[in-house]
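Residue numbers (this note's numbering): 4 to 840.
Here a beta-carbon is modelled for each residue, glycine too, at the ideal position from N, C-alpha and C.
To start, the structure under review is shown below, and the notes come after it.
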Amino acid sequence: MAMIDDNTRALFKRLVVQSVHPLLPGQAHGDIPAPLTNREGSHLLAIASALALSASAEERTLAYEIATRLAEAAPGDEAVAAAADFIFGRLGNFPGRRLFRERHDALAQRRPVMLDLEALSREEENSVEGIAGQRVTLTDFQFDFLEEMEHGDALSVSAPTSAGKSFVFSLEIIRRLRAKPEQIVYIVPTRALIRQVQVGLIHEFAKSGLAGVPVRSVPLPVTPELAPAGVVYVLTQERLLSLLQSSIGEAAITTLVVDEAQGVREGSRGVVLQTAIETVLTRFPLAQVMFASPMARNPEKLLTVFGRPGRTLLETHSPVSRNLILVSPVKRRPQSARYELLISGEKLPAGSKDLTFRFSGPVTARRAEFARAVTREGESTLVYAGGAAQAEDLAKAIAKLEPATAGDDPEIVDFVEFVKTHVHPDYALAETLPKGVAFHYGYMPGLVRSRIEELFGAGKLRFLCCTSTLLQGVNLPAKHILLENPHRGQGKPMTRGDFLNLAGRAGRLVKEFHGNVWCLLPNDWDVKSYEGDDLQDIATAFELTLKTQSHTLTDVINGQATPEATELGEAVIGKAYSDLTQAGRSLLGSEFVTDENRDNLRRVDERLASFQPTLPAIVFKRNSTILPERLQALFDDLSARPSLESCLPLMPYEAGFIERMRSLFRDSDQILEGVHNESYRYFAMLASKWIHDTPLGQLIAQRIQYQKQQGQFRNVSSEIRALMKSLETDLRYRYVKSLKAYNDVLSAVLAKKNRPDLIERLIPLHLFLECGASDSVTLGLISIGLSRTTALLVKRFVRFPDRAAPEECLAVLRRAPLENLPIPALCRSELLQLCRA
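Set out below in structure tokens:
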């Protein structure tokens, strides 16, 4: 930055403070920052024009900041607008320039002809064929990303959250399917993200003339005969492993897209993600793999881990910038706040202001009042909460302060009615939605959460109180993000990487030039994650545990680990056994050994080497997150039983179903997990209702009634969260994992006993639990993209062929008079989105 002298830096800092000062809530103390003179502004614009051509992301970001902030500071200045428009072109930020021209069109178009020619040339360079066949102009990063994918090599890309990676993935998937039929897997980190990606692809395929390409979210292979134009699966890592292990056929994967690939470091699920990717690349060595991560320093690490030579692309320049504002109390002035801007690690004083509420008051009240103070008409705000209950309390606190501005909106009215009818009349959302306020977390009904995302994205909800679910790829950008001493999960302070991921959602491409991240009481944060390096290292949970937490493994072996550590430790031990021990290798002979972990790895090696299994090796490989000793124990136990037929899972309509479910859940708990209590009885009962088409609202009502009878009722929202936790964490994750293993082990026992007749009768109970359904029609409807709630309602009023495949279900729906179905407006909208795409 040779051209950036001290005077220029000082001018830029003044510009930033001047541009942010009007956004700070309250009545200012002292002088308001003086605006830059015309000469000072012209100097900065000249610098920005040169920096826009730099290869340095930092310098391009500075050019963007100068151009946008000067244009906003001088909204009627023709020369500033024309210069800013030109700088957008030089930056290759054409989506941002499109927004700029919408706001400054008459002024921005008064450019010298030579500058116009340069801008037109750059625009043509970045133009590609879009989703509907029209020309689309991309940012420089998006164009480079798309170009890299065309080479056919493995690719690992890292870029800011708002860089538009998902949009480019969509363009590339469409390009591939237009060229030839492919079987593409798109991995997302959570079930909450599946629907967002699936519905987005379905709509884009319809615009692109690819409506015949199925987009599936259930791990059932689609045969080439049913999908001659190709197929796309949108799956979590767990569902991908189920797809790869399906007994009804094989998905011949040609392309693997791994979004939010930094998830390989996320505990036991990171180990599962690594295993799923390795399994795909081993079975389909010609498949192309593409990784995307936010702000990773070492995107090449993923290529190394998975043994794929390829290309990397690292972008740190964001097409939308952020104001990171620290808000602190003022001593002896409870209704005042002191503001600082954090820029490149430097804190710039922005003054103090008097507020209309007590900033030093109770936590929930402070956050609620401050969120309202910063949010202007037409803007949206994400308020971060450390947990689901806190998110609800915050939403209710904001709602009490807000007028019922959204209460007359037909979509809000329909949504409130749906919540009252199909969740519970006293669910807190019914109270907050008419005020334009909602909450968002993992343990809530999926269709409700999806609708909240849609309404917030459409601007019909102004405030969304959210938890760390938002860190897992859910696309919910906002003008403002508000945090105070943020924690994630079980009281863990938010890491720098998580902070950057969340802060990256402040500001929306083609919606605004700057987002705002408000950090309240920054000096009181347990971990000051608003400070630090903007780039974070990628590493796998498997490697990190072996190298830095090897004591976790010995604690698991000795039965001394905490529940959270146990899940991670068992996954790492299982993978070590499957990948190393069974291949005649050891941890001590691996690349993971260090002087510090040598003794612990030796103990693990000795334990695994002493294990003498009789269970086929493939079963350990297919279930590597479960301790191998426990898989063998189940094999021994089942082998010794006199009646193997009594070990088979039953369909819900078969006699003895509930008793058999209890038996399977007991075996899963006691043998596979080492859990010795009576909780399996509750979960077996809940599972039997869940897969037997019991609506969620009915399950909620039954739980509340039972809790009241037992004198243990707290409140409606708490009981709904508890039920959803049982469904999401226990049934749809823990028991899905253990019952899949149960089937694999039982199949091995039946093969040893020469009972192919019984092997044919094995049913995928784990799949039924995952989907909340057991009949082919409901499974088919869920597979094509409907929520469980809508699928169950539709099945009441539309006749489908017996055992209809997903494609048959979709064909029936497209012929049906969907507008006339007596179902909630929300469900009808979901149907129409899918079938009229």
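At the C-beta level, residue 464 and residue 440 come within 8 Å of one another. Within the same chain, and ignoring the five residues on either side of residue 44 in sequence, the residues whose Cβ sits closer than 6 Å to its Cβ are 73. By the Cβ criterion, the region 787-802 is in contact with the region 822-836, since at least three pairs of Cβ atoms, one from each stretch, lie closer than 8 Å. The C-alpha of residue 382 lies about 11 Å from the C-alpha of residue 484. Non-local beta-carbon contacts of residue 126 in its own chain, meaning distances under 8 Å to residues more than five positions away in sequence, involve 92, 97, 140 in chain order. For residue 293, the enclosing beta strand (DSSP E) covers residues 291-297. Uninterrupted alpha helix (DSSP H) stretches at least 4 residues long and entirely within the region 152-227 occur at 168-182, 194-210, given in chain order. Under DSSP, residue 340 forms a beta bridge with 332, 356.
Residue 709 and residue 424 have their alpha carbons spaced roughly 20 Å apart. The straight-line gap separating the alpha-carbon atoms of residue 378 and residue 480 is approximately 14 Å. For residue 589, there is no enclosing alpha helix (DSSP H), as DSSP gives it neither H nor E. The continuous alpha helix (DSSP H) containing residue 745 extends over residues 739-755. Residue 744 is a Cβ neighbour of residue 675, given a cutoff of 8 Å. Between the region 262-281 and the region 565-578, the count of Cβ pairs shorter than 8 Å is three or higher; the stretches touch. Note on geometry: alpha-carbon atoms of residue 196 and residue 736 lie some 16 Å from one another.
Within a 10 Å sphere around the beta-carbon of residue 656 sit fewer than 16 other beta-carbons, which makes this residue exposed. Between residue 20 and residue 344, the beta carbon gap of about 6 Å places them in contact (Cβ cut-off 8 Å). Excluding sequence positions up to five before and after residue 696, its CB lies within less than 6 Å of the CB of 795, all in the same chain and listed in chain order.
Put simply, the backbone Cα of residue 171 is about 18 Å away from that of residue 299. Per DSSP, the unbroken alpha helix (DSSP H) holding residue 666 starts and ends at 660-670.
In the DSSP assignment, residue 485 falls outside any alpha helix (DSSP H) and within the unbroken beta strand (DSSP E) covering 483-487. Residue environment analysis places residue 322 among the buried positions, since at least 16 neighbouring C-beta atoms fall within 10 angstroms of its C-beta. Setting aside the 5 residues that flank it on each side, residue 349 has no residue in the same chain whose C-beta is closer than 6 Å to its C-beta.
Where residue 528 is concerned, there is no enclosing beta strand (DSSP E), because DSSP gives it neither an H nor an E. In this model, residue 567 and residue 586 are separated by some 29 Å (Cα to Cα). Inter-segment contact for the region 227-245 and the region 185-192 is present: three or more beta-carbon pairs are separated by less than 8 Å. Looking only at 27, 17, 8, the smallest Cα-Cα distance to residue 520 is reached by 27. According to the DSSP assignment, residue 548 belongs to the alpha helix (DSSP H) that extends over 544-551. Around residue 809, the same chain offers 783, 786, 787 as residues with beta carbons nearer than 6 Å, after the five sequence neighbours per side are excluded. By the 16-neighbour rule on beta-carbons within 10 angstroms, residue 718 is exposed. Under the DSSP assignment, residue 387 falls in the beta strand (DSSP E) whose first and last residues are 384-387. Annotation for residue 524: 330, 331, 332, 487, 488 place their beta carbon closer than 8 Å to its own, counting only its chain and skipping 5 residues before and after. DSSP places residue 236 in the uninterrupted beta strand (DSSP E) bounded by 234-238. The beta carbon of residue 628 sits closer than 7 Å to those of 271, 274, 275, 573, 574, 577, 740, all from its chain and outside the five residues before and after it, given in chain order. Beta-bridge partners of residue 827 (DSSP): none assigned.
Only exposed fits residue 714, as fewer than 16 other CB atoms lie within 10 angstroms of its CB.
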